[in-house]
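**Student:**
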Amino acid sequence: MTAPAPATSRQAIDLLPESARAFGVVLERLDDGVWGRPTPCAEWSVRDVVNHVVAEHLWVPHLLRGESLQEVGDRYDGNVLGDSPAQARRAWQMAMLGSLQAWAQVDDAEQLVAFSGGEHPAGEYAHQMLVDLVVHAWDVAQGGGVAVPVITDAVGVAFAYEKPRVADHRAAGIFAPPTRPRSDHPMDQLVALLGR
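Just add 2 to wherever you are in the sequence shown, counting from 1, and you've got this note's numbering.
(1) On a CA-only basis, which of 28, 44, 193, 80 is nearest residue 58? Give me that one, please.
(2) Tell me the rounded alpha-carbon separation between residue 6 and residue 111.
(3) Less than 8 angstroms between the C-beta atoms of residue 204 and residue 196, yes or no?
(4) Does residue 164 pass the burial test, meaning 16 or more other C-beta atoms within 10 Å, or should it be called exposed?
(5) I'd like the span of the beta strand (DSSP E) that includes residue 25, first residue to last.
(6) Alpha helix (DSSP H) containing residue 116: first to last residue?
(7) Are the CB atoms of residue 156 and residue 70 within a distance shorter than 8 angstroms?
(8) Looking at the strands, I want to know which residues DSSP matches up with residue 121.
(9) When you compare the CB positions of residue 180 and residue 194, do they come within less than 8 angstroms of one another, or not?
(10) Please report the straight-line C-alpha distance between residue 4 and residue 176, rounded to a whole angstrom.
(11) Roughly how many angstroms separate the alpha carbons of residue 73 and residue 67, rounded to a whole number?
(12) In chain order, what residues of the same chain lie with their CB nearer than 8 angstroms to the CB of residue 153, ignoring the 5 residues before and after it?
(13) Can you check the stretch 46 to 112 for any alpha helix (DSSP H) of at least 4 residues that lies completely inside it and give the ranges in chain order?
(14) Evaluate the contact criterion for the stretch 27 to 38 versus the stretch 145 to 152: three or more CB pairs, one atom per stretch, below 8 angstroms.
(15) What separation, rounded to the nearest whole angstrom, lies between the Cα atoms of residue 104 and residue 39?
(16) DSSP three-state label for residue 188, please.
(17) Verify whether the separation of the beta carbon atoms of residue 123 and residue 47 is less than 8 angstroms.
(18) Our contact map puts residue 2 next to residue 115 with C-beta atoms below 8 angstroms; I'd like the distance itself, whole angstroms only.
(19) Going by the beta-carbon positions, is the gap between residue 56 and residue 82 smaller than 8 angstroms?
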């Protein structure tokens, strides 16, 4: 895959709603019996991946309001899904709505957001959230045996963002070593780059 031109922060922010909806489509397609199955995301089940994504989106309104990690604390640690697939789908809907409403208020992609490693621009945060949505939708779909809607622009932006950063992210333990892509399809290229 030829690396696309670097995306702007605004492009990443603008792609979040459609990518979030695609993640929700994957959740709706899952049979209730597949939530315990493994995924390509090492050591995480379908439920584990969904719990991670929901928790990440619960954090968004706080961080975009300028709250610190300490102010948010541990309120989203552990199970944020409830006890059933139906509750998990509702948890995703609520987290997604809050997250997207917060992103819609971002006028300045350079505004600083608190991370565990220091402050970073909101645009950087948007790119990371986009990668998370695109790749984890694929993880959940693979684990659950369902099709994933591919948002071509989102895949391209995610690839362009990760390509120059993947070695650092791999060294930090975020991604496994790259694998051989299954095909030339952009989604296959992206997930292979990120060790799936």
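Backbone N, C-alpha and C define an ideal beta-carbon position, used for all residues, glycine too.
As the structure is a computational prediction, the values presented were derived from the model and not from experiment.
**Tutor:** This is what the structure holds:
(1) 80
(2) In this prediction, residue 6 has a pLDDT of 48, which is less than 50 and means its spatial position is unreliable; nothing more can be read from the coordinates.
(3) Outside the shown range of the chain, which is 3 to 198, sits residue 204, and nothing can be said about it.
(4) buried
(5) It is not in any beta strand (DSSP E) - residue 25 instead sits in the alpha helix (DSSP H) that spans 11 to 31.
(6) Premise fails: residue 116 lies in the beta strand (DSSP E), 114 to 117, not in any alpha helix (DSSP H).
(7) no
(8) 116
(9) yes
(10) In this predicted model, residue 4 has a pLDDT of only 47, less than 50, meaning its place in the structure is not dependable; the value taken from the coordinates is given anyway. Roughly 23 angstroms separates the two Cα atoms.
(11) 11 angstroms
(12) 17, 20, 21, 24, 136
(13) 48 to 66, 71 to 74, 87 to 106
(14) yes
(15) 32 angstroms
(16) helix
(17) no
(18) One cannot answer for residue 2 here, as it falls past the ends of the chain, which runs 3 to 198.
(19) yes
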